[in-house]
Amino acid sequence: MTAQHITDAIVQDAITNAVQNVCRVLVKQEVRLVGRVTPETPDPAPLHIQLMGNVGFVGDVNGIVYLCMGEEFAAYAVGEILGMSAAEVLFEGPEVIKDAIGEVTNMTVGGFKNALCDIGFPCKLTLPTIVRGANLKAGAIKGASRHIFRFECSGRPLVADIQLKVD
441 MTAQHITDAI
451 VQDAITNAVQ
461 NVCRVLVKQE
471 VRLVGRVTPE
481 TPDPAPLHIQ
491 LMGNVGFVGD
501 VNGIVYLCMG
511 EEFAAYAVGE
521 ILGMSAAEVL
531 FEGPEVIKDA
541 IGEVTNMTVG
551 GFKNALCDIG
561 FPCKLTLPTI
571 VRGANLKAGA
581 IKGASRHIFR
591 FECSGRPLVA
601 DIQLKVD
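Note that the sequence shown ends on residue 607 in this note's numbering; no numbers are left out.
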């Protein structure tokens with residue numbers, strides 16, 4: 441099969457489907473795409489990112505997907521995934537959030553990667569990494585195309601920052 445060009449529409453469809461599928465299965469909630477964030481049209485409601493999961497992919501296309509969220513969304517999602525109350529999530533500590541969000545990130549990027557493979561860009565995933573802090577930002581990869589999408593799940597924001605390079 442001959443690979444086709446990876447358009448903005450392909451990236452948007454792939455990440456939207458991946459985020460929706462993972463949230464529907466794990467978080468048991470529907471997700472809606474709010475819109476795209478670009479330097480020309482900055483996010484009207486900037487998210488103060490406190491937790492960022494990322495998984496890279498390597499092969500005929502290389503890159504990384506960051507899932508960026510506030511602490512509130514992370515704790516909510518973990519509670520839904522594990523069937524725990526907010527108090528139980530807090531009691532269990534940061535390790536349970538790290539593990540669950542790592543799995544959400546891995547599954548989401550896996551779905552995105554599969555869409556790339558389906559159009560002729562085979563690639564493999566790297567291991568997930570989770571970072572916690574205050575007002576985190578994903579750095580840009582030199583020469584990569586960048587696509588940032590804002591989603592909403594149960595009234596809580598989730599941002600997918602995709603950076604990719606085709607070799």
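Backbone N, C-alpha and C fix where the C-beta goes; we use that ideal spot for every residue, glycine too. Nothing here was measured: the structure is a model prediction, and the numbers come from that model.
- The residues I504 and T566, in chain order, have a CB closer than 6 Å to that of G496 in the same chain once the five nearest residues on each side in sequence are set aside.
- When the five nearest sequence neighbours on each side are left out, the beta carbons in the same chain lying within less than 6 Å of the beta carbon of S594 are those of Q469, in order along the chain.
- In the DSSP assignment, Q460 falls within the unbroken alpha helix (DSSP H) covering D448 to V462.
- A distance below 7 Å separates the beta carbons of V571 and M492.
- Assigned with DSSP and collapsed to three states, I489 falls in coil, not helix or strand.
- Here H488 is exposed. Its C-beta has fewer than 16 other C-beta atoms within 10 Å.
- In this structure, DSSP gives I541 a helical state, which the three-state scheme calls helix.
- Per the coordinates, the alpha-carbon of L556 lies some 7 Å from the alpha-carbon of P562.
- Assignment of beta strand (DSSP E) within the stretch 551–578, counting only whole runs of 3 or more residues, yields 563–565 and 569–572 in chain order.
- Closest in alpha carbon position to N461, among N546, G499, E511 and V536, is N546.
- When C-alpha distances from G542 are compared across T456, A574, L507 and R476, the shortest belongs to L507.
- DSSP, reduced to helix, strand and coil, places E532 within a helical segment of the structure shown.
- Secondary structure at I521: helix, using DSSP grouped into helix, strand and coil.
- In the DSSP assignment, K605 is bridged to N502.
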